[in-house]
Amino acid sequence: MTPKSDWVVPVTPELRQDMEETGRAAYENGCRLRQDAITLFEAGRFPRAAALAILAEEEFSKAFMLIICAKQGRWDSNIFKALRRHPEKQGISEAMRDYLNWFVAYNKRVMERNQFALIPIPPSIYPDHEKMKALISKAKSRLAKPIKDFLKQDCFYIGYDERAKLSCTPDSIGQKEAQSCLDESEQFKVITELALGDYSNVESFAKF
12 MTPKSDWVVP VTPELRQDME ETGRAAYENG CRLRQDAITL FEAGRFPRAA ALAILAEEEF
72 SKAFMLIICA KQGRWDSNIF KALRRHPEKQ GISEAMRDYL NWFVAYNKRV MERNQFALIP
132 IPPSIYPDHE KMKALISKAK SRLAKPIKDF LKQDCFYIGY DERAKLSCTP DSIGQKEAQS
192 CLDESEQFKV ITELALGDYS NVESFAKF
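Each residue of the sequence shown is one higher than the one before, counting from 12 in the working numbering.
See below:
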């Protein structure tokens, strides 16, 4: 399907299945990218490790959006474009980053309550309507300055200014930055697993 204008289509059972299958494929590809990033990290190849961890994060974001939209019965040109075009994908990643901050704090509160509960309550992966609106608004405001994408570019390329003076090299990305990217990609991985209905790793959020 190659849309030429704005469109909205009903989410049939067949379309929902396709969205979920594509989402799972993106999740699995994110897992492979993240494992490659770990391999490079262990070999001391920190710039490439960081870059692959960011790519894994983008795949997890794509997977999360596809799965959530399938559950909500939404498929339209705005979602389609956001999942394919680079600036919009960075916006989704930024929204996911804020969502993660919300979820980590929320999950910790739920775990604390469950310590004294006879029947533990599983954490919800959905913030309330107002919180979701705030996350989306904040993500849109960041489209003009995709910080994580700039970092990814620095991991791969030589930088220079208007006078052709060398400004940065991939070697400027060290172990600390790579570890941070790996940690965040792990968070995105677990969030995507929650959307897939797998809560087996949810306790890992306690360490973040």
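For each residue, glycine too, the CB sits at the ideal point set by N, CA and C.
Remember, predicted model here, so these are calculated numbers, not experimental data.
Item                                                                                                                                             : Value
Report, in whole angstroms, the separation of the C-beta atoms of Ala-189 and Ile-78, which I expect to be a contact under 8 Å.                  : Between Ile-78 and Ala-189 the Cβ distance is about 28 Å, and since that is not below 8 Å, they are no contact.
For my contact list, Gly-34 and Glu-70 are in at a C-beta cut-off of 8 Å; report their separation, rounded to the angstrom.                      : No, Gly-34 and Glu-70 are not in contact; Cβ-Cβ is about 10 Å, not under 8 Å.
Just tell me which of Glu-53, Arg-45, Arg-85 has its CA closest to the CA of Pro-24.                                                             : Arg-85
In the structure shown, what three-state DSSP assignment does Gly-55 receive?                                                                    : coil
For a quick check, are the C-beta atoms of Leu-162 and Ala-48 less than 9 Å apart?                                                               : no
Ordered along the chain, which non-local residues of its own chain (more than five positions away) have a Cβ less than 7 Å from that of Pro-133? : Tyr-210
Ordered along the chain, which non-local residues of its own chain (more than five positions away) have a Cβ less than 6 Å from that of Tyr-171? : Leu-177, Ser-178
Just curious, the alpha helix (DSSP H) that Leu-94 is in, first and last residue?                                                                : 88 to 95
If you draw a straight line from the C-alpha of Ser-72 to the C-alpha of Arg-174, how long is it?                                                : 37 Å
Is it right to say Ile-169 is buried, meaning 16 or more other beta carbons lie within 10 angstroms of its own, or is it exposed?                : exposed
Pop quiz: Val-22 and Ala-81 are said to be a contact at Cβ under 8 Å. What is the actual Cβ separation, rounded to whole angstroms?              : 7 Å
Using DSSP's beta-bridge definition, name the partner residues of Leu-177.                                                                       : Tyr-171
Secondary structure at Val-20, three-state DSSP: helix, strand or coil?                                                                          : coil
Nearest CA to the CA of Ile-184: which residue from Asn-89, Phe-167, Glu-197, Leu-129?                                                           : Phe-167
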